[in-house]
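Peer 1: Reading the sequence shown from the start, the letters are residues 19 to 586 in this note's numbering.
What follows is a single structure, and I will ask about it in a moment.
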Amino acid sequence: MADKKLHAIPLGGLGEFGMNIMALRYGDDLIVIDSGMMFPETELLGVDIVIPDISFLLENREHVRALLLTHCHEDHIGGVPFLLAELNVPVYGTPFTLAVLRNRLAEHELLDTAQLNEVHSHEIVELGPFKIEFIHVTHSTIASVMLAITTPLGVVVHTGDFKIDPTPTDNELFDLHTVAEYGKRGVLALFSDSTNVERPGFTPSERAVRPRFEQVFAEATGRIYVSCFTSSVHRLQLVIDLAAEYNRKVAFIGRSMVNISEISHRMGYLHVPDGLLLRPQDIAEARKDRVAVLIAGSQGEPMSALSRAAVDNHKHAHIGAGDHVVLSARIIPGNEKGIFRMIDHLFRRGAHVVYGADGGRPIHVSGHASQEEQRLMLNLVKPRFFIPIHGEYRQLFRHVELASHLRGIPLRPGASPEAAGGLEDTFILESGDILEFDEQGARLAGRVTVGRRCIDSGSIDEFVEDMTIRDRRHISEDGIVLPILAINKHTGNVETPPEIVTRGFAAGEADGFTDRVREIVLQTLAGSSDEEKSDYGVIKEKIRADLKRYINKQTQRRPLIMPVILEV
Ligand SMILES: [Zn+2]
Ligand SMILES: [Zn+2]
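Below, the structure is given as structure tokens:
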């Protein structure tokens with residue numbers, strides 16, 4: 019009966035941080051787990067987001083039965099609109115995950131055509147040869163699940179993102195019983211989250227952040243601003259609870275913060291006492307010691323609400339001496355520079371900035387399992403084959419090491435025939451590798467096409483294949499515009515009129531074009547505060563956005579715009 023082979027094919031998220039997506043194929047039938055995005059490294063100028071190349075799925079389009087989502091984080095659902103635009107398959111996820119997704123789909127005008135299917139923890143969905151059970155896990159966002167996928171060759175367990183929080187703030191316990199049941203019956207392969215494999219011990223419970231937050235609320239005499247990942251609904255709830263206790267009203271600032279808090283409130287995940295809400299436009303008038311603000315932008319993104327408030331360029335959020343700013347999020351690798359620059363600005367404004375750990379009282383805890391939790395998962399599932407996912411190569415490598423104690427453990431008496439006597443093999447896969455399973459075992463069996471697609475402004479028309487192709491196409495068709503500014507490091511003044519260099523941009527040769535571009539750059543500078551000007555990330559982004567708008571309008575062209583700042 020099981021003469022067909024089972025293939026597990028990660029299409030992204032292995033050996034890199036973000037854009038998680040994996041295909042599972044039995045015979046011809048395919049299902050896809052998650053479809054994430056990642057934010058570009060700073061080298062990818064002009065690119066807003068990066069998503070995985072899905073040509074493998076498109077080549078097999080008639081066999082793709084569904085997309086299964088584990089939870090609502092960007093690195094798991096951020097690529098869904100782009101996938102559905104090309105391959106409109108049914109989507110399965112928890113009601114909250116799908117609610118967050120709906121917002122995204124609406125922005126892409128895909129809401130009417132998308133086929134969204136709500137599933138709850140414990141529910142089983144049958145798709146061709148696959149029988150999928152959704153199992154509740156604890157993580158930094160709510161309504162997260164892992165998947166147990168029964169195939170004719172055995173059960174495949176995919177953890178998605180998890181930590182094992184024994185005291186979750188919402189009392190929705192990790193469904194470890196169900197995981198253990200699968201382990202007892204025998205599991206062919208475990209794919210497990212490797213993010214925190216370098217951390218010994220256990221990740222602290224979400225409850226561990228409360229003491230430090232309490233201290234901030236007890237001490238603060240000015241406004242309290244809190245920035246965390248907007249999907250950290252537990253954390254939003256904590257701030258709301260403390261605000262109610264300490265007699266402060268709460269305002270929400272930033273588009274994603276407003277969106278997610280509305281969704282979670284509507285669905286009953288976020289409880290806001292009557293009369294507690296404060297409109298952003300009323301912050302300025304309210305007594306400072308009666309205000310708490312949940313504000314988006316914990317990663318120092320140049321155009322986010324908090325980054326703008328840090329340089330006093332936000333309409334409603336003004337941060338000054340005596341205010342507290344709490345950064346309750348981890349620093350995603352690659353964002354350090356922007357975040358620390360933002361923190362510098364906040365300190366300069368006289369704010370008390372609370373970030374990082376302080377003598378064992380964390381202001382943020384991770385949503386990912388540390389070593390002991392990863393071991394517990396391995397022991398409960400007791401797979402024949404183990405494949406670490408969600409991590410860079412060193413993390414996958416360390417996770418394989420962590421599993422080694424499972425090799426050669428004896429079969430439990432009375433175990434079912436599928437149950438293995440311990441770990442047979444482990445695989446460190448890279449995106450694109452085909453891992454093949456059959457009656458004989460598991461092995462690497464070739465590769466499929468994978469890669470990155472860079473997106474400009476989040477629109478599908480502006481979809482561009484590969485970075486190199488993108489640059490070449492961009493430069494060959496639309497040319498390149500380089501505004502070069504010499505800024506005095508000490509005064510922050512622009513020393514000489516900006517130099518405008520254009521290449522391969524026909525309009526660039528037109529009369530008066532470079533003069534006009536120079537004027538726009540000067541206008542952007544004139545409209546920016548000294549603080550903004552001292553933040554090159556912010557100022558470059560502002561110049562790029564203003565020029566992009568002008569050039570698109572004037573010429574219908576999209577040249578590559580790369581502001582260059584020389585410190586003199
Ligand atoms: Zn996550
Ligand atoms: Zn993740």
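Beta carbons are placed, not taken as given, at the ideal position from N, Cα and C, and that holds for glycine.
Predicted, not measured: the structure shown is a model, and the values here were computed from it.
Say yes only if the C-beta of D183 is nearer than 7 Å to one or more non-hydrogen atoms of ligand 2, and no if none qualify.
Peer 2: One-based indexing of the sequence shown puts residue 183 at position 165. False, no ligand heavy atom lies under 7 Å from that Cβ.
Peer 1: With DSSP as the reference, identify every bridge partner of G30, one or two as the case may be.
Peer 2: In the sequence shown, counting from the first residue as 1, residue 30 sits at position 12. Its beta-bridge partners are I39.
Peer 1: Tell me whether D179 counts as near ligand 1, meaning its Cβ is closer than 7 Å to at least one heavy atom of that ligand.
Peer 2: Taking the first residue of the sequence shown as position 1, residue 179 is located at position 161. Under cutoff, so the answer is yes.
Peer 1: Can you give, in chain order, each stretch of the beta strand (DSSP E) that sits fully within the region 269-332 and has at least 3 residues?
Peer 2: Listed in chain order, the complete beta strand (DSSP E) runs (minimum 3 residues) inside the region 269-332 are 309-313.
Peer 1: With 16 as the cutoff for other CB atoms within 10 Å, does N214 come out buried or exposed?
Peer 2: To locate residue 214, count along the sequence shown from 1; it is residue 196. The residue is buried, with at least 16 neighbouring Cβ atoms inside 10 Å.
Peer 1: For D479, is the classification buried or exposed, using 16 other Cβ atoms within 10 angstroms of its Cβ as the cut-off for buried?
Peer 2: Locating residue 479 in the sequence shown gives position 461, counting from the first residue. Caution applies to D479, whose pLDDT of 41 falls short of 50 and renders its modelled position unreliable; the value that the coordinates give is listed next. D479 should be labelled exposed.
Peer 1: Candidates L398, L102, V143: which alpha carbon is nearest R598's?
Peer 2: Outside the shown range of the chain, which is 19 to 586, sits residue 598, and nothing can be said about it.
Peer 1: Regarding G36 and ligand 1, is the C-beta to nearest heavy atom distance less than 7 Å?
Peer 2: Within the sequence shown, numbered from 1, the residue matching residue 36 stands at position 18. No, ligand 1 has no heavy atom inside 7 Å of this Cβ.
Peer 1: Quick check on the burial criterion: 16 or more other C-beta atoms within 10 angstroms. Buried or exposed for E125?
Peer 2: Sequence index remark: in the sequence shown, residue 125 carries index 107 (1-based). Flag for E125 reads exposed.
Peer 1: Going by C-alpha distance, which of N570, I505, H370, T532 is nearest D548?
Peer 2: Reading the sequence shown from its first residue, position 530 is the one you call residue 548. Closest by alpha carbon: I505.
Peer 1: Mind pulling the beta strand (DSSP E) runs of 3 or more residues that sit fully within the region 82-169?
Peer 2: With a minimum length of 3 residues, the continuous beta strand (DSSP E) runs that stay inside the region 82-169 are 82-86, 109-111, 134-136, 142-145, 148-155, 162-169.
Peer 1: Out of S422, C472, Q413, G459, which has the shortest C-alpha to C-alpha gap to L447?
Peer 2: What you label residue 447 is simply residue 429 of the sequence shown in a count that begins at 1. For the residues S422, C472, Q413, G459, the minimum Cα distance to L447 belongs to Q413.
Peer 1: Could you tell me the boundaries of the alpha helix (DSSP H) in which E537 lies?
Peer 2: Within the sequence shown, the letter at position 519 stands for residue 537. Looking at the DSSP string, the run of the alpha helix (DSSP H) that includes E537 is 531-544.
Peer 1: Going by alpha carbons, who is nearest to S322 out of D307, P351, G356?
Peer 2: For the purposes of this step, residue 322 is taken as the residue at position 304 of the sequence shown. Comparing Cα positions, the closest option is G356.
Peer 1: Could you tell me which of G272, E263, I258 sits nearest to H283, measuring between CA atoms?
Peer 2: Residue numbering aside, residue 283 sits at position 265 when the sequence shown is read from its first letter. Selected option, being the one with the closest Cα: I258.
Peer 1: Indicate, with yes or no, if ligand 1 has a heavy atom lying under 7 Å from the CB of T159.
Peer 2: Locating residue 159 in the sequence shown gives position 141, counting from the first residue. Result yes, Cβ under 7 Å from ligand 1.
Peer 1: Counting beta carbon pairs with one atom in the region 220-233 and one in the region 305-322, are three or more of them shorter than 8 Å?
Peer 2: No, because fewer than three Cβ pairs between the region 305-322 and the region 220-233 fall closer than 8 Å, the two stretches do not touch.
Peer 1: In terms of residue numbering, what span does the beta strand (DSSP E) encompassing V244 cover?
Peer 2: For the purposes of this step, residue 244 is taken as residue 226 along the sequence shown, with counting starting at 1. Unbroken beta strand (DSSP E) run through V244: 242-245.
Peer 1: I think L254 touches S274, with their Cβ atoms under 8 Å apart; what is that distance to the nearest whole Å?
Peer 2: Within the sequence shown, numbered from 1, the residue matching residue 254 stands at position 236. Within the sequence shown, numbered from 1, the residue matching residue 274 stands at position 256. Not quite, the Cβ-Cβ distance comes to about 12 Å (not below 8 Å), so this is no contact.
Peer 1: Under 7 Å: does the beta carbon of H382 sit that close to some heavy atom of ligand 2?
Peer 2: On the sequence shown, residue 382 is found 364 positions in, with the first residue counted as 1. Not so, every heavy atom of ligand 2 lies at least 7 Å from the Cβ.
Peer 1: Should R567 go down as buried or exposed, given a rule of 16 or more other Cβ atoms within 10 Å for buried?
Peer 2: By one-based count along the sequence shown, residue 567 stands at place 549. Under this definition R567 is an exposed residue.
Peer 1: Looking at the structure shown, is S477 part of a helix, part of a strand, or coil, going by DSSP?
Peer 2: Looking up residue 477 in the sequence shown gives position 459. Confidence at S477 is low in this model, with a pLDDT of 41, below 50, so the placement of that residue is unreliable and no value is reported for it.
Peer 1: Any heavy atom of ligand 2 within a distance shorter than 7 Å of the CB on D93?
Peer 2: Counted from its first residue, the sequence shown places residue 93 at position 75. Within the cutoff, so yes.
Peer 1: Can you list, in chain order, the residues of its chain with a C-beta nearer than 7 Å to that of D292? Leave out the 5 residues immediately preceding and following it.
Peer 2: Translated into the one-based positions of the sequence shown, residue 292 becomes position 274. Nothing listed; no residue qualifies.
Peer 1: Would you say I313 and Y373 are within 8 Å of each other, going by their C-beta atoms?
Peer 2: By one-based count along the sequence shown, residue 313 stands at place 295. By one-based count along the sequence shown, residue 373 stands at place 355. Contact flag unset, no.
Peer 1: Just the C-alpha distance for V383 and P58, rounded to the nearest angstrom, thanks.
Peer 2: Numbered from its first residue, the sequence shown carries residue 383 at position 365. Numbered from its first residue, the sequence shown carries residue 58 at position 40. Using only the alpha carbons, I get a separation of about 25 Å.
Peer 1: So what's K560 in DSSP terms, helix, strand or just coil?
Peer 2: Looking up residue 560 in the sequence shown gives position 542. Helix, per DSSP.
Peer 1: Quick one: is N265 buried, meaning 16 or more other Cβ sit within 10 Å of its Cβ, or exposed?
Peer 2: Taking the first residue of the sequence shown as position 1, residue 265 is located at position 247. N265 comes out exposed.
Peer 1: Indicate, with yes or no, if ligand 4 has a heavy atom lying under 7 Å from the CB of H408.
Peer 2: No copy of ligand 4 appears in this structure; the ligands present are ligand 1 and ligand 2.
Peer 1: Here's the rule I'm using: 16 or more other beta-carbon atoms within 10 Å means buried, otherwise exposed. How should S422 be labelled?
Peer 2: Reading the sequence shown from its first residue, position 404 is the one you call residue 422. Exposed, by the Cβ-count rule.
Peer 1: So, is T486 buried or exposed, given that buried needs 16 or more other C-beta atoms within 10 angstroms?
Peer 2: As a position in the sequence shown, residue 486 is number 468, starting the count at 1. With a pLDDT of only 46 at T486, under 50, the local geometry of the prediction cannot be trusted, and the value read off the model is given with reservation. When all chains shown are included, T486 counts as exposed.
Peer 1: For R425, write down the residues that DSSP places opposite it in a beta bridge.
Peer 2: Against the sequence shown, residue 425 aligns to sequence position 407. Its beta-bridge partners are L441.
Peer 1: For R348 versus V68, is the C-beta distance shorter than 8 Å?
Peer 2: In the sequence shown, counting from the first residue as 1, residue 348 sits at position 330. In the sequence shown, counting from the first residue as 1, residue 68 sits at position 50. No, the Cβ-Cβ distance between R348 and V68 is not below 8 Å.
Peer 1: Name, in chain order, the residues that DSSP records as bridge partners for A207.
Peer 2: Here the question's residue 207 lines up with position 189 in the sequence shown. Beta-bridge pairing links A207 to V174, F403.
Peer 1: Express the C-alpha separation of G378 and R534 in angstroms, rounding to a whole number.
Peer 2: As a first step, residue 534 is located in the sequence shown; it is residue number 516 there, counting from the start. As a first step, residue 378 is located in the sequence shown; it is residue number 360 there, counting from the start. When rounded, the distance between both Cα atoms is 55 Å.
Peer 1: Over what stretch of residues does the alpha helix (DSSP H) that includes R359 continue unbroken?
Peer 2: Residue 359 sits at position 341 when you count from the first residue of the sequence shown. Here the alpha helix (DSSP H) through R359 covers 354-366.
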